[in-house]
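Chains as they are written, first to last, in our numbering: chain A, 1 to 115; chain B, 116 to 523. Presented below is the structure to which this report refers.
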Amino acid sequence: MSSARELDVGLGLLDHQLVDCKGRRCGNVDDLEVEGLRDGQPRVTAILVGPPVWKGRGWLGRLAAFIAPGGTVRVPWEEVERIDAAVHLRKTARELRLGRGDDRARRWVEWIPGS
Amino acid sequence: MSKVFQIALGILAAIGGFVDIGDLVFNVEAGATLGYQLLWVVVVGVVGIIVYSEMCGRVAAVSKRPVFDAIRERLGFGVGFGALVASQIVNLMTLAAEVGGVALALELLSGLPYRVLIVLGVAVLAVVIWVTPFEWIERIFGYGGLALLVFVVAAIKLHPDWGDVATGFVPHGTSSDKLVYAYFAVGLLGAAMTPYEVYFYSSGVVEEGWTPKDLGLNRTNAIIGYSLGGTLSLALMIGAAALFLPLGVEPQFIGTVALGAQVPLGTIGLLLALVGILFAVGGAAIDTCFSGAYNVAQFFGWEWGKGRRPSGAPRFTLAWMVLLFLALLVIMTGVDPVLVTEYAVIFSVVALPLTYIPILLVANDRAYMGQYVNGRLANALGLFYLVVILIVAVTAIPLMILTHQGQG
Numbered sequence: 001m002s003s004a005r006e007l008d009v010g011l012g013l014l015d016h017q018l019v020d021c022k023g024r025r026c027g028n029v030d031d032l033e034v035e036g037l038r039d040g041q042p043r044v045t046a047i048l049v050g051p052p053v054w055k056g057r058g059w060l061g062r063l064a065a066f067i068a069p070g071g072t073v074r075v076p077w078e079e080v081e082r083i084d085a086a087v088h089l090r091k092t093a094r095e096l097r098l099g100r101g102d103d104r105a106r107r108w109v110e111w112i113p114g115s
Numbered sequence: 116m117s118k119v120f121q122i123a124l125g126i127l128a129a130i131g132g133f134v135d136i137g138d139l140v141f142n143v144e145a146g147a148t149l150g151y152q153l154l155w156v157v158v159v160g161v162v163g164i165i166v167y168s169e170m171c172g173r174v175a176a177v178s179k180r181p182v183f184d185a186i187r188e189r190l191g192f193g194v195g196f197g198a199l200v201a202s203q204i205v206n207l208m209t210l211a212a213e214v215g216g217v218a219l220a221l222e223l224l225s226g227l228p229y230r231v232l233i234v235l236g237v238a239v240l241a242v243v244i245w246v247t248p249f250e251w252i253e254r255i256f257g258y259g260g261l262a263l264l265v266f267v268v269a270a271i272k273l274h275p276d277w278g279d280v281a282t283g284f285v286p287h288g289t290s291s292d293k294l295v296y297a298y299f300a301v302g303l304l305g306a307a308m309t310p311y312e313v314y315f316y317s318s319g320v321v322e323e324g325w326t327p328k329d330l331g332l333n334r335t336n337a338i339i340g341y342s343l344g345g346t347l348s349l350a351l352m353i354g355a356a357a358l359f360l361p362l363g364v365e366p367q368f369i370g371t372v373a374l375g376a377q378v379p380l381g382t383i384g385l386l387l388a389l390v391g392i393l394f395a396v397g398g399a400a401i402d403t404c405f406s407g408a409y410n411v412a413q414f415f416g417w418e419w420g421k422g423r424r425p426s427g428a429p430r431f432t433l434a435w436m437v438l439l440f441l442a443l444l445v446i447m448t449g450v451d452p453v454l455v456t457e458y459a460v461i462f463s464v465v466a467l468p469l470t471y472i473p474i475l476l477v478a479n480d481r482a483y484m485g486q487y488v489n490g491r492l493a494n495a496l497g498l499f500y501l502v503v504i505l506i507v508a509v510t511a512i513p514l515m516i517l518t519h520q521g522q523g
């Protein structure tokens, strides 16, 4: 983000809803990629999404990661447009390879009349 | 439609929608076992659900966060996942109990075999969810549930000793078994403060795009809807105390609940009671089903919403379908719906703190809530109920075991 607004990444970013440029909900901020911890100037470089990331989120996270299928998706920080209640992205979910679970599940639903 | 008329309609639907199978079972059993002694607990429970429902609605309208978003943000993935699993187990048990209640009411109305009616009931619920716009679902089941008002008339017609009724609103020592008293108190609180109601309500607020402008409506809905709904709970308990306690009847069947209207009012009373139970419990089944789908979708960040076309939120749609199917399987085993209800309510009590602590935290966070953070009253009441919920959560299961579900 270009603004210098202070943001607690633990509370204000982690575990928040991701919304693509068309307003589609496409995952949560499961973890963050942070660089520069050693030189004392840490900055968030990417948002990480997907079951493998949950392994770093406590033993219940490891359990959930064990059960759920799917890979990790890395969303570069440049793709973040703005942050309010949700984290809004600059591109569509498809372009960022997010929300693929919903795309796959659609086949199970759309054959029913009225879907 | 004028605003006042709309609000009135909403309130009517809320009254009919307040009572679910947990309220039916616990209020009637408590009245039949302990008379009027626990009326005050219903009042405590109703104020509790008003406090937290208003808070959840306000958080949802201002911060655009439904309850499970707040849970994951505040508790993190690990503990949040634990809360999700716990709430889904409770949701499934509640849903199974409601489905069983629908089938039992249909059985008493039609005389057809119970298991056939379970399948029929679930099929009808699924079709109604699929084809009916949501506001109509709310109205159909809310207004149908208003038939339960027959229990208010019945309670008056049974000529309870109003002096005794009045003393029931004041907590006092009891000569009877203290553990049984405590068990029913815990169950009544759990039945009134069922968590699925706030999951459902707050998600609806986000979905309908409420803003701080709607906070007045949010408060009115919570206060009037729940307190009028609560009078139905009181009527059920008063009627049961006047009718069943002197006879020594322990209502173990949904049919016995309906007797509370049949004895004073005859066949028409029975019919209205059964129709009311059918709609109230059927509506609660739909709410519970959606709550489960909301929770899992919000926790994992999937697309969700009952206002969307099913293919617009496919995993959300699959989630409610799977839940409904699992509930069908559970209840088809022949397990007693009243027993499932008791377990569902008691376990929901254990899961309550995981729901309400994050909401209280978010409602106090100025970064999210701005000028709409909790005031002193909301915080005082919120903290009071948090203490109540924690005590109740710790004691619920031991009490259930020690009293053999209130049998003494």
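Glycine is no exception: its CB is placed at the ideal position from the N, C-alpha and C atoms.
Residue closest to residue i, alpha-carbon to alpha-carbon, out of the options
| i | options | result |
| --- | --- | --- |
| B:Phe368 | B:Glu222, B:Val265, B:Leu441 and B:Ser463 | B:Glu222 |
| B:Gly345 | B:Val162, B:Leu362, B:Glu250 and B:Met484 | B:Val162 |
| B:Val166 | B:Asn494, B:Met515 and B:Thr510 | B:Asn494 |
| A:Arg24 | A:Gly70, A:His16, A:Leu89 and A:Pro51 | A:Leu89 |
| B:Ala357 | B:Arg491, B:Phe266, B:Asp451 and B:Asp292 | B:Phe266 |
| B:Asp279 | B:Val396, B:Tyr151 and B:Lys421 | B:Tyr151 |
| B:Ile130 | B:Gly375, B:Val246 and B:Ile392 | B:Ile392 |
| B:Gly375 | B:Leu263, B:Val156, B:Phe256 and B:Val507 | B:Leu263 |
| B:Trp277 | B:Leu349, B:Gly497, B:Ile504 and B:Ser291 | B:Leu349 |
| A:Asp31 | A:Glu81, A:Leu63, A:Pro42 and A:Arg57 | A:Arg57 |
| B:Glu322 | B:Thr335, B:Phe249 and B:Arg334 | B:Phe249 |
| A:Glu81 | A:Arg43, A:Leu11, A:Val34 and A:Lys22 | A:Lys22 |
| B:Ala300 | B:Asp329, B:Gln486, B:Val140 and B:Leu153 | B:Leu153 |
| B:Gly86 | B:Pro327, B:Trp155 and B:Val320 | Absent from the model: residue 86 of chain B. The displayed extent of chain B is 116 to 523, so no value can be given. |
Short Cβ contact (7 angstroms threshold) for residue i with residue j
| i | j | result |
| --- | --- | --- |
| B:Ile126 | B:Gly340 | yes |
| B:Ile446 | B:Val214 | yes |
| B:Ser406 | B:Ala175 | no |
| B:Ala145 | B:Leu303 | yes |
| A:Leu18 | A:Gly27 | yes |
| A:Gly50 | A:Gly70 | yes |
| A:Gly61 | B:Gly398 | no |
| A:Trp77 | A:Ala46 | yes |
| B:Phe394 | B:Gly226 | no |
| A:Asp102 | B:Arg423 | no |
| B:Ser202 | B:Tyr483 | no |
| B:Val453 | B:Ala508 | no |
| B:Leu199 | B:Phe440 | no |
| B:Thr282 | A:Val109 | no |
| B:Val157 | B:Leu351 | no |
| B:Ile373 | B:Ala388 | Reading the sequence as shown, one finds Ala at residue 373 of chain B and not Ile. In this structure, B:Ala388 lies closer than 7 angstroms to B:Ala373 by Cβ. |
| B:Ile353 | B:Pro275 | yes |
Other residues of its chain near residue i: CB distance less than 6 angstroms, five sequence neighbours each side excluded
| i | result |
| --- | --- |
| B:Val295 | Thr518, Gly521 and Gly523 |
| B:Leu380 | Ala269 |
| B:Ile461 | Ala511 and Met515 |
| B:Leu443 | Val237 |
| B:Arg481 | Val488 |
| B:Gly370 | Leu223 |
Same chain only: Cβ atoms within 7 angstroms of residue i, ignoring 5 sequence neighbours per side
| i | result |
| --- | --- |
| B:Leu182 | Here residue 182 of chain B turns out to be Val, not Leu, going by the sequence shown. The answer, listed in chain order, is Cys171, Val313, Tyr314, Ser317, Thr470 and Ile474. |
| B:Thr403 | Asn206, Thr209, Leu210, Glu213 and Tyr311 |
| A:His16 | Asn28, Val29, Ala86 and Val87 |
| B:Ala185 | Val174, Pro473, Ile474 and Val477 |
| B:Leu384 | The sequence given here places Gly at residue 384 of chain B; Leu does not occur at that position. If we look at B:Gly384 and ignore the five residues flanking it on each side, its Cβ neighbours are Val265, Ala269, Ala376 and Gln377. |
Backbone secondary structure at residue i - three-state DSSP
| i | result |
| --- | --- |
| A:Asn28 | strand |
| A:Ala86 | coil |
| B:Ile338 | helix |
| A:Ala4 | At A:Ala4, the pLDDT of 45 sits below 50, so the modelled position is not reliable and the matter cannot be decided from this model. |
| B:Gln367 | coil |
| B:Val162 | helix |
| B:Ala428 | coil |
| A:Val44 | strand |
| A:Val73 | strand |
| B:Gln522 | coil |
| B:Glu87 | No statement about residue 87 of chain B is possible, as the shown extent of chain B runs from 116 to 523 and does not include it. |
| A:Val80 | strand |
| B:Val134 | coil |
| A:Leu18 | strand |
Own chain, CB closer than 8 angstroms to residue i, minus 5 neighbours either side, in chain order
| i | result |
| --- | --- |
| A:Leu96 | Asp20, Cys26, Val73, Val75, Glu79 and Leu89 |
| B:Leu467 | Gly305, Met308, Pro310, Ile504, Val507 and Ala508 |
Closer than 7 angstroms to chain D by CB, residue i
| i | result |
| --- | --- |
| A:Trp111 | Chain labels in this structure do not include chain D; the protein chains are A and B. |
Residues of the segment 286–312 of chain B with Cβ closer than 8 angstroms to any Cβ of chain A, in chain order: Correct list: empty, as no residue qualifies.
Members of the segment 12–36 of chain A near chain B, C-beta cut-off 8 angstroms: Near chain B, meaning a CB-to-CB distance below 8 angstroms, the residues of the segment 12–36 of chain A are Gly12, Leu14, Asp15, His16, Gln17, Leu18, Arg24, Arg25, Cys26, Gly27, Asn28 and Asp30.
Where the segment 417–446 of chain B meets chain A: residues whose CB sits under 8 angstroms from a CB there: Within the segment 417–446 of chain B, the residues whose Cβ lies closer than 8 angstroms to some Cβ of chain A are Trp417, Glu418, Trp419, Arg424, Pro425, Ser426, Ala428, Pro429, Arg430, Thr432 and Leu433, listed in chain order.
Under 8 angstroms (Cβ pairs) to chain B, residues found in the segment 84–100 of chain A: Going along the segment 84–100 of chain A in chain order, one finds Asp84, Ala85, Ala86 and Gly99 with a Cβ nearer than 8 angstroms to chain B.
Residues within the segment 163–187 of chain B neighbouring chain A, beta-carbon criterion of under 8 angstroms: Taking 8 angstroms as the Cβ-Cβ cut-off against chain A, the residues of the segment 163–187 of chain B that qualify are Ser178, Lys179, Arg180, Asp184 and Arg187.
Contacting positions in the segment 266–287 of chain B - beta carbon closer than 7 angstroms to chain A: Those residues of the segment 266–287 of chain B that come within reach of chain A (Cβ to Cβ, closer than 7 angstroms) do not exist; the list is empty.
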